[in-house]
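Protein chains in written order, with the working numbering: chain Z, 5 to 211; chain C, 5 to 211.
Okay, structure first, notes after.
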DNA sequence: CAAACAAATTGACATTGTGTCAATATTATC
DNA sequence: GATAATATTGACACAATGTCAATTTGTTTG
């Protein structure tokens, strides 16, 4: 029994090690360069394995990155699933701003990996699809929140919740990429505050 | 004099013709396929010219598309430059909704070309930069409008106009791409109406 | 108008990267 | 220790790019 497992493990171990070596190398090479300019040759060289080996373990560059993305994805999903049950409009506003901040902060923390992901989104169909998953999960979640706020009389009911949710998420997403590219001058707090203010109470004065 | 010009023209004419043949062919091939899968070989074959010729006239696929983009770009710039001088918040709202509608309608009209452009944005640095130009022009324009509305007391003054403008444009831009991909279920009118409503007066009730 | 010149066109070539697969090396089983 | 199963490998075929010396086409000049 024990020796049986050991033997199976020994063989699997090599596989796992090789896979791991490839992932470590891939992360390094991706981060040192771009997604586009990174080649399989660079990765296998760094990993110290043969060329064909990469294709035994992964379908190509794309899949390598997808596996590397997984941790980051999980963290995004966590942010998406934060509870939202405000009693008043003020509370809602506060919670929304907090979530926007958390979203942008995550971008800041995972900047390096997300820089690569953004590049890959442009090039790789499969990674674009993966990102879309995250997006749709957020949007679905936000739609629920909008419906909740409408149901409890906090939010106006004349607007399609899904359309509202998409618009709100899109603004946040684009700022996310600006944060990743370090293109933004304002602080995350100010961005979140501004977006939330417009989203919840609008830009124009009302009496 | 006349014959002089004629002779110069005759030589130039060949160049112009070749260039034109390449552009026509490129448009066709791009539209029949994707940006990524389109190759120079396909284009020159369609244009009926030699391989090297393409590189004499254009630096590569990217530049070919940039030239093809120009018309569409111009139309976007036109939309961006529509006047905005509302007297009341109601008027402002109306004008903003109109511009959002015009923006999305343009996407619908130029869908085919913009589909290629979107793909190219992901792959090509230079085309990404070109798109960024359009974006910044819009954002700058919107920032001015926000400042105007703030100055005339129509809009709240406690928010950074540029941050607001970016957020607003981002939401519109993402919907633009959804329209291009024909991924949206709602009509352009409803999208514009919803985005504008949230942007101008906010999602939450106020007394 | 024909020789010399200038400009535009061409396709073969070197280069770079991908993905596949038959051969080889390693590990497990009998 | 022989055999079978599995993992690894790098050489190869293929696809696309961008370059450049040679060729073709058009212009000028004596």
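We put the beta carbon where it would ideally sit given N, CA and C, even for glycine.
Name, going along the chain, the residues of the stretch 125–144 of chain C whose beta-carbon falls closer than 7 Å to a beta-carbon of chain Z.
125, 126, 127
Within the stretch 23–56 of chain Z, ranges of the alpha helix (DSSP H) (whole runs, at least 4 residues)
44–51
According to DSSP, residue 159 of chain C sits in a beta bridge with which residue or residues?
Counting from one through the second chain, the residue named residue 159 of chain C turns up at place 155. According to DSSP, residue 159 of chain C bridges with Z:208.
Taking Cβ positions only, does residue 99 of chain C come closer than 9 Å to chain Z?
Here residue 99 of chain C is taken as the residue at index 95 of the second chain, counted from 1. No, residue 99 of chain C lies away from the interface with chain Z (no Cβ there is under 9 Å from its Cβ).
Do residue 66 of chain Z and residue 124 of chain Z have their C-beta atoms within less than 9 Å of each other?
Indexing the first chain from 1 puts residue 66 of chain Z at position 62. Indexing the first chain from 1 puts residue 124 of chain Z at position 120. Taking 9 Å as the Cβ cut-off, residue 66 of chain Z and residue 124 of chain Z qualify as a contacting pair.
For residue 193 of chain Z, which residues in the same chain have their Cβ closer than 7 Å to its Cβ, ignoring the five residues on either side in sequence?
Position 189 of the first chain, counting from 1, holds the residue named residue 193 of chain Z. Cβ within range, chain order: 105.
Taking Cβ-Cβ distances shorter than 7 Å, what residues in chain Z pair up with residue 195 of chain C?
To locate residue 195 of chain C, count along the second chain from 1; it is residue 191. By Cβ distance, chain Z contributes 167.
If contact is defined by three or more beta carbon pairs under 8 Å, each pair taking one atom from either stretch, is the stretch 49–58 of chain Z in contact with the stretch 135–144 of chain Z?
no
For residue 154 of chain C and residue 195 of chain Z, what's the separation of their Cα atoms in angstroms?
Position 150 of the second chain holds residue 154 of chain C. Position 191 of the first chain holds residue 195 of chain Z. Distance between the alpha carbons of residue 154 of chain C and residue 195 of chain Z: 19 Å.
Mind listing which residues of the stretch 105–119 of chain Z have their C-beta closer than 8 Å to chain C's C-betas, in chain order?
none
Run through chain C and tell me which residues come within less than 9 Å of residue 93 of chain Z, C-beta to C-beta.
In the first chain, the residue the question calls residue 93 of chain Z occupies position 89. 208, 209, 210, listed in chain order.
Collapsed DSSP secondary structure at residue 15 of chain Z in the structure displayed
As a first step, residue 15 of chain Z is located in the first chain; it is residue number 11 there, counting from the start. If DSSP states are grouped into helix, strand and coil, residue 15 of chain Z belongs with the helices.
Report yes or no: is there a C-beta of chain Z within less than 9 Å of the C-beta of residue 186 of chain C?
For this step, residue 186 of chain C is matched to residue 182 along the second chain. So, not an interface residue.
Spatial neighbours of residue 30 of chain Z in its chain, beta-carbon cut-off 6 Å, leaving aside the 5 residues before and after:
The sequence position of residue 30 of chain Z within the first chain is 26, counting from 1. So the list reads 47, 68, once near-sequence residues are dropped.
Nonlocal neighbours in the same chain, by C-beta distance under 6 Å from residue 84 of chain C, ignoring five residues either side
Reading the second chain from its first residue, position 80 is the one you call residue 84 of chain C. Closer than 6 Å at Cβ, skipping near neighbours: 141, 142, 145.
Would you say residue 29 of chain Z lies against chain C (beta-carbon separation less than 9 Å)?
Within the first chain, numbered from 1, the residue matching residue 29 of chain Z stands at position 25. Not one chain C Cβ lies under 9 Å of residue 29 of chain Z.
So, does the CB of residue 66 of chain C fall closer than 9 Å to a CB anywhere in chain Z?
Counting from one through the second chain, the residue named residue 66 of chain C turns up at place 62. No, residue 66 of chain C does not count as interfacial toward chain Z.
Please check if any C-beta of chain Z sits within less than 9 Å of the C-beta of residue 84 of chain C.
For the purposes of this step, residue 84 of chain C is taken as the residue at position 80 of the second chain. Not an interface residue.
Quick check: what's the CA-CA separation for residue 210 of chain Z versus residue 62 of chain C?
In the first chain, counting from the first residue as 1, residue 210 of chain Z sits at position 206. In the second chain, counting from the first residue as 1, residue 62 of chain C sits at position 58. Between residue 210 of chain Z and residue 62 of chain C, the C-alpha separation is close to 54 Å.
Take the Cβ of residue 26 of chain C as the centre, count every other Cβ of all protein chains shown within 10 Å, and call the residue buried at 16 or more, exposed below.
Stepping through the second chain from its first residue, residue 26 of chain C is reached at position 22. Buried, because 16 or more other Cβ atoms sit within 10 Å of the Cβ of residue 26 of chain C.
Given residue 49 of chain Z as reference, the closest of Z:38, Z:97, Z:33, Z:64 once Cα atoms are compared:
Taking the first residue of the first chain as position 1, residue 49 of chain Z is located at position 45. Nearest option by C-alpha distance: Z:33.
Taking 8 Å as the threshold, find out whether the stretch 34–45 of chain Z comes into contact with the stretch 118–134 of chain Z through three or more Cβ pairs.
yes
To the nearest angstrom, how far is the alpha carbon of residue 82 of chain Z from that of residue 128 of chain Z?
Stepping through the first chain from its first residue, residue 82 of chain Z is reached at position 78. Stepping through the first chain from its first residue, residue 128 of chain Z is reached at position 124. Distance between the alpha carbons of residue 82 of chain Z and residue 128 of chain Z: 25 Å.
Evaluate contact between the stretch 175–192 of chain C and the stretch 167–178 of chain Z, counting only Cβ atoms and requiring at least three cross-stretch pairs below 8 Å.
yes
Alpha-carbon spacing of residue 41 of chain Z relative to residue 14 of chain C, whole angstroms:
Sequence index remark: in the first chain, residue 41 of chain Z carries index 37 (1-based). Sequence index remark: in the second chain, residue 14 of chain C carries index 10 (1-based). Each residue's Cα considered, the two are about 43 Å apart.
Is it buried or exposed, residue 202 of chain C, if we count other Cβ atoms within 10 angstroms and call 16 or more buried?
As a working note, residue 202 of chain C is residue 198 in the second chain. Buried, since its Cβ has 16 or more Cβ neighbours within 10 Å.
Contact under 9 Å by Cβ, residue 133 of chain Z with residue 180 of chain Z
Taking the first chain and counting its residues from 1, one reaches residue 133 of chain Z at position 129. Taking the first chain and counting its residues from 1, one reaches residue 180 of chain Z at position 176. Going by C-beta atoms, residue 133 of chain Z is not nearer than 9 Å to residue 180 of chain Z.
Do you know how far the Cα of residue 185 of chain Z is from the Cα of residue 24 of chain Z?
The sequence position of residue 24 of chain Z within the first chain is 20, counting from 1. The sequence position of residue 185 of chain Z within the first chain is 181, counting from 1. Residue 24 of chain Z and residue 185 of chain Z: Cα-Cα distance of roughly 28 Å.
Using 9 Å as the threshold, is the C-beta distance between residue 200 of chain Z and residue 100 of chain Z below it?
Taking the first residue of the first chain as 1, we reach residue 200 of chain Z at position 196. Taking the first residue of the first chain as 1, we reach residue 100 of chain Z at position 96. Yes, the pair counts as a contact, with Cβ atoms nearer than the cut-off.
Going by other Cβ atoms of all chains shown within 10 Å of its Cβ, with 16 needed for buried, is residue 87 of chain Z buried or exposed?
Translated into positions along the first chain, residue 87 of chain Z becomes position 83. Its Cβ having fewer than 16 others within 10 Å, residue 87 of chain Z is exposed.
Taking a contact to mean a Cβ-Cβ separation below 9 Å, would you say residue 198 of chain Z touches residue 168 of chain C in this structure?
Residue mapping note: residue 198 of chain Z aligns to position 194 of the first chain, counting from 1. Residue mapping note: residue 168 of chain C aligns to position 164 of the second chain, counting from 1. Contact flag set, yes.
If we cut at 9 Å on Cβ distances, does residue 152 of chain Z have a partner in chain C?
On the first chain, position 148 is the one that residue 152 of chain Z refers to. No, residue 152 of chain Z lies away from the interface with chain C (no Cβ there is under 9 Å from its Cβ).
Report yes or no: is there a C-beta of chain Z within less than 9 Å of the C-beta of residue 157 of chain C?
Along the second chain, one-based indexing puts residue 157 of chain C at 153. Yes, residue 157 of chain C lies at the interface with chain Z (some Cβ there is under 9 Å from its Cβ).
Determine the extent of the alpha helix (DSSP H) in which residue 166 of chain C is found, giving its start and end residues.
Position 162 of the second chain, counted from the first residue, corresponds to residue 166 of chain C. First-last of the alpha helix (DSSP H) with residue 166 of chain C: 165–184.
With H, G and I counted as helix, E and B as strand and the rest as coil, what does DSSP make of residue 86 of chain C?
Stepping through the second chain from its first residue, residue 86 of chain C is reached at position 82. Correct three-state label for residue 86 of chain C: coil.
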